[in-house]
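S.K.: Supplied in structure tokens, the structure appears directly below.
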Amino acid sequence: MNLPSLAVVVPAFNEAQRLTDNLLTLLGYLQTYRRGAELILVDDGSTDGTAQVAKELFARRPDVAARVLRFAENRGKGHAVRAGLLAAQAPIALFSDADLSTPITELPKIVGPIEHGQDEIVFGSRALDRSLIGHRQPWRREQGGKVFNAIVRLTTGLPFSDTQCGFKAFRMEAARPIIEQAEINGFGFDVELLFLAQRAGLRLREVPVRWDHHEGSKVHIVRDSLRMFSEVVSLRRRIARGAPRPASSPEMSP
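Its first residue numbered 41, the sequence shown is counted upward by one per residue in this note's numbering.
The following block contains the structure:
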């Protein structure tokens with residue numbers, strides 16, 4: 041049995057209403073441009089039939105390897121992403137938000153540098169080239185993101201402009217120890233993964249990608265911003281207390 045060459049992980053929570061069109065878009069892209077890839081949908085305790093919608097659709101499209109991982113309880117996006125990445129059998133795995141805010145056609149931008157041996161984690165950014173943003177977020181949400189990023193830079197020392205874009209790719213041989221060590225289940229999980237990866241000496245790259253805001257975001261601007269702030273502060277304290285440094289990854293051959 042041939043292993044997939046690439047895995048696309050999609051975390052989903054109560055996405056049944058808009059899932060079909062987006063999954064068809066993903067399946068069509070993979071079938072046309074990324075044969076040999078697999079699609080993993082992670083249902084994070086949905087109560088609206090998200091998993092069933094995905095299973096029925098996948099059964100009608102056997103031309104692409106696709107499967108559903110389902111958790112009975114909602115554990116958080118961080119937990120769903122980690123579970124999907126760790127379930128991937130491919131050497132490169134990426135996760136994409138279920139609403140496809142970043143179009144899947146941007147995939148080569150974050151997978152290419154890894155395939156060419158240049159980086160081990162590559163992630164999309166809305167901040168590096170704002171001309172690529174189509175439909176912008178509401179002003180309060182956009183400003184909240186800028187404030188959160190400033191806090192991330194101050195607290196962790198990460199030099200990146202946008203840690204929260206839901207479009208990140210990983211060379212799994214290098215990143216698996218990082219993913220296994222991570223603990224944050226909430227929306228602050230992106231920061232934790234990048235922070236642990238930087239501490240381990242992995243090669244990280246932030247690249248500008250196209251992005252559009254879609255209504256129906258699961259992020260509550262006040263509640264989740266406070267929670268993310270708490271998660272980032274807790275991460276810093278955990279590291280300061282002497283949490284073990286992740287093992288360095290094997291060198292990547294070009």
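From the three backbone atoms N, C-alpha and C, an ideal C-beta is built for every residue, glycine too. The structure presented is a predicted model; accordingly, all values stated were derived computationally and were not measured.
Tell me the DSSP secondary structure of Phe53 in three-state form.
M.R.: Of the three classes helix, strand and coil, the one that applies to Phe53 here is coil, per DSSP.
S.K.: Mind reading off the beta-carbon distance from Phe135 to Val151? Whole number of angstroms is fine, and I expect it under 8 Å.
M.R.: Not quite, the Cβ-Cβ distance comes to about 12 Å (not below 8 Å), so this is no contact.
S.K.: For Ser136, does the three-state DSSP call read helix, strand or coil?
M.R.: If DSSP states are grouped into helix, strand and coil, Ser136 belongs with the strands.
S.K.: In terms of alpha-carbon separation, which member of Arg181, Thr203 and Tyr73 lies closest to Asn189?
M.R.: Minimum Cα distance to Asn189 is reached at Thr203.
S.K.: If we count the other Cβ atoms within 10 Å of its Cβ and call it buried at 16 or more, is Thr196 buried or exposed?
M.R.: With 16 or more Cβ atoms within 10 Å of its Cβ, Thr196 is classed as buried.
S.K.: Relative to the alpha-carbon of Gly89, which residue among Tyr69, Leu59 and Leu66 has its alpha-carbon at the smallest distance?
M.R.: The residue with the shortest Cα to Cα distance from Gly89 is Leu59.
S.K.: Is any beta-carbon of chain E found at less than 8 Å from that of Asn225?
M.R.: No chain E is part of this structure, which consists of one protein chain only.
S.K.: Run through DSSP, which three-state label would Arg250 get?
M.R.: Coil.
S.K.: From Ser289 to Ile191, what does the alpha carbon distance come to, in whole angstroms?
M.R.: Model confidence at Ser289 stands at a pLDDT of 44, short of 50, so the residue's coordinates are unreliable; what they give is reported in the following sentence. So the alpha carbons of these two residues sit roughly 28 Å apart.
S.K.: Cα separation between Val104 and Leu46?
M.R.: Taking the straight line from one Cα to the other gives about 12 Å.
S.K.: How long is the line joining the alpha carbons of Asp35 and Phe235, rounded to whole angstroms?
M.R.: Any property of residue 35 remains undetermined from this structure, which presents the chain solely from 41 to 294.
S.K.: Do Ala209 and Val249 have their C-beta atoms within less than 8 Å of each other?
M.R.: Not closer than 8 Å, so no.
S.K.: Going by DSSP, what residues sit across from Lys208 in a beta bridge?
M.R.: Lys208 is bridged to Phe135 and Phe163.
S.K.: Would Asn62 be called buried (16 or more neighbouring beta carbons within 10 Å of its own) or exposed?
M.R.: Asn62 comes out buried.
S.K.: At what residues does the beta strand (DSSP E) containing Val82 begin and finish?
M.R.: First-last of the beta strand (DSSP E) with Val82: Ala77 to Asp84.
S.K.: Among Ala167, His119, Ala91 and Ala127, which has the Cα closest to the Cα of Arg110?
M.R.: Among Ala167, His119, Ala91 and Ala127, the Cα nearest to that of Arg110 belongs to Ala91.
S.K.: Evaluate Val82 with the Cβ neighbour count: other Cβ atoms within 10 Å of its Cβ, from every protein chain shown; 16 or more gives buried, anything less gives exposed.
M.R.: So Val82 ends up on the buried side.
S.K.: In terms of DSSP beta bridges, what is Val48 paired with?
M.R.: Leu79 and Leu134, per the DSSP bridge assignment.
S.K.: What's the C-alpha gap between Ile218 and Asn225?
M.R.: So the alpha carbons of these two residues sit roughly 14 Å apart.
S.K.: Phe227 by DSSP, collapsed to three states: which one?
M.R.: In this structure, Phe227 counts as coil in the three-state DSSP scheme.
S.K.: Taking Cβ to Cβ, would you say Leu70 is nearer than 8 Å to Leu64?
M.R.: Contact: no.
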